[in-house]
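J.: Have a look at this one.
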Ligand SMILES: C[S@@+](CC[C@H](N)C(=O)[O-])C[C@H]1O[C@@H](n2cnc3c(N)ncnc32)[C@H](O)[C@@H]1O
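Numbering (the working numbering), first residue to last: 8 to 388.
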């Protein structure tokens with residue numbers, strides 16, 4: 008399936024609430040570089056990109072093969088090029104986003120990895136049958152999206168099956184998601200069921216009117232999330248990290264890090280490479296300030312890093328040669344056409360003609376109360 012210097016894309020089928028999620032992301036307009044620079048939430052976007060960049064640089068090695076759940080518009084493609092990945096498989100449920108990812112991939116100049124894109128619900132479909140036989144991954148990434156899996160246990164288990172089935176022993180499953188400690192603490196702090204600021208809004212429903220979240224029932228706690236310029240009233244689900252870690256253990260994953268993004272920022276202060284990336288990515292504005300509302304929105308998120316127990320993942324030795332071969336390739340061969348997106352279905356039956364053109368457009372988690380205090384404003388960048 009994946010050949011050096013080529014890209015192909017495949018499709019999965021969305022279901023349940025996820026179709027609604029896909030619609031939300033399909034509606035987000037593609038912004039040009041200039042518009043992205045003028046975004047109202049530019050600091051938040053840059054900060055989130057910096058977090059992802061640091062995670063990728065810290066846990067990947069040249070020559071890695073990477074699976075990216077919910078890859079969106081391919082916003083991390085350049086990060087994977089910088090990390091000298093060798094092969095990248097991205098999947099997402101929003102077709103419009105994948106088409107934009109195709110464009111972004113084609114625009115990357117210089118040596119780049121080969122790429123396959125899959126369209127569909129990667130928390131409902133068994134990915135295995137859509138992947139090249141024998142293909143294994145050094146790292147699985149899921150940025151700002153596993154909360155969509157926490158609708159029920161079956162989806163979480165399918166997500167974990169997909170994350171681990173082809174992950175090498177010692178390999179990493181990492182990402183960013185919402186921090187239930189913060190979400191619930193903010194919910195407890197208001198009288199009603201909504202909270203937020205001009206940048207974001209969280210709306211819990213009457214189902215959670217009692218604000219009682221039991222540890223033994225960690226799934227299906229829905230809220231609606233709005234983020235300026237991104238999504239409006241989009242259904243998401245609380246991710247209870249201890250429950251996530253417990254189930255992940257059954258799949259051979261050990262949680263080695265989970266940090267609220269505020270704490271993540273504090274801890275990276277002493278890491279030279281991370282702070283260089285912070286400057287390179289111009290996370291702060293000219294006045295070196297960070298808007299309070301955006302900093303508060305960032306507080307809603309946490310990192311997570313799991314390692315598959317067993318031997319260490321290879322450091323990509325031999326990959327330098329392969330990367331050299333890539334760099335020698337004719338740029339034309341690295342083009343990705345939207346028609347190469349391939350469809351995957353829930354049952355795993357793929358029709359050969361299912362290309363983009365033929366597819367219609369389609370507590371009490373009680374520890375939440377014991378979490379550390381919010382970093383005070385002095386810890387704001
Ligand atoms: C906040 S965006 C993050 C995109 C990308 N990971 C990034 O960091 O730039 C969330 C993405 O998750 C995707 N998504 C949500 N549920 C999904 C699912 N079940 N399977 C695949 N993608 C999903 C959405 O379409 C959207 O592109």
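A virtual CB, placed ideally from N, CA and C, is assigned to each residue, including glycine.
Would you decide whether residue 199 is buried or exposed? Buried here means 16 or more other CB atoms lie within 10 Å of its CB.
T.: exposed
J.: Which of helix, strand or coil does DSSP assign to residue 445?
T.: Coverage of the chain is limited to positions 8 through 388, which leaves residue 445 absent and any answer about it impossible.
J.: What residue range does the beta strand (DSSP E) around residue 264 cover?
T.: 260 to 264
J.: Please state whether DSSP places residue 32 in a helix, a strand or coil.
T.: helix
J.: Measure from the alpha carbon of residue 57 to the alpha carbon of each residue in 261, 300, 269, 314, then state which is nearest.
T.: 269
J.: From the DSSP output, in three-state form, read off residue 204 for me.
T.: coil
J.: Once DSSP output is grouped into helix, strand and coil, what is the label at residue 299?
T.: helix
J.: Please check the pair residue 80 and residue 50, which I expect to be a contact at CB under 8 Å, by giving their CB distance rounded to whole angstroms.
T.: With 8 Å as the limit, residue 80 and residue 50 do not qualify as a contact, their Cβ atoms being about 20 Å apart.
J.: How far does the alpha helix (DSSP H) with residue 283 in it reach, from first residue to last?
T.: 279 to 287
J.: Would you tell me roughly how many angstroms separate the C-alpha atoms of residue 219 and residue 230, rounded to the nearest one?
T.: Between the alpha carbons of residue 219 and residue 230 lies a gap of roughly 14 Å.
J.: Any residue with its C-beta under 5 Å from a non-hydrogen atom of ligand 1 counts. Can you list them all in chain order?
T.: Chain-ordered, the residues whose CB falls short of 5 Å from any heavy atom of ligand 1 come out as 25, 28, 32, 77, 79, 82, 99, 100, 101, 104, 128, 129, 130, 150, 151, 152, 155.
J.: Threshold first: 3 residues or longer. Then list the beta strand (DSSP E) segments lying entirely within the stretch 39 to 81, N to C.
T.: 72 to 76
J.: For residue 228, which residues from the same chain have a beta carbon less than 7 Å from its beta carbon, with the 5 sequence-adjacent residues on both sides left out?
T.: 215, 220, 244, 245
J.: Could you give the distance in angstroms between the alpha-carbon of residue 127 and the alpha-carbon of residue 74?
T.: 14 Å
J.: In angstroms with no decimal places, state the Cα-to-Cα distance between residue 304 and residue 211.
T.: 16 Å
J.: By how many angstroms is the C-alpha of residue 205 removed from the C-alpha of residue 183?
T.: 23 Å
J.: I'd like to know whether the C-beta atoms of residue 146 and residue 315 end up nearer to each other than 8 Å.
T.: no
J.: For the beta strand (DSSP E) that contains residue 109, what are its first and last residues?
T.: That residue, residue 109, is in no beta strand (DSSP E); its alpha helix (DSSP H) goes 102 to 114.
J.: What does residue 229 pair with, by DSSP beta-bridge criteria?
T.: 244
J.: With H, G and I counted as helix, E and B as strand and the rest as coil, what does DSSP make of residue 198?
T.: coil
J.: Would you tell me roughly how many angstroms separate the C-alpha atoms of residue 53 and residue 342, rounded to the nearest one?
T.: 28 Å
J.: Leaving out the 5 sequence neighbours to the left and right, which residues in its chain are closer than 6 Å to residue 170 when beta-carbon positions are compared?
T.: 147, 180
J.: I need the DSSP call for residue 314, collapsed to helix, strand or coil.
T.: Here residue 314 sits in strand by DSSP.
J.: Is the stretch 252 to 259 close to the stretch 280 to 299, with three or more CB pairs under 8 Å?
T.: no
J.: Could you check which residue in 115, 154, 290 has the C-alpha nearest to that of residue 129?
T.: 154
J.: On the three-state DSSP scale, how would you describe residue 150?
T.: strand
J.: Just checking my contact of residue 186 with residue 66 at CB under 8 Å: how many whole Å lie between their CB atoms?
T.: That pair is no contact at about 20 Å.
J.: Quick check: the Cα distance between residue 121 and residue 72, rounded to an integer number of angstroms?
T.: 9 Å
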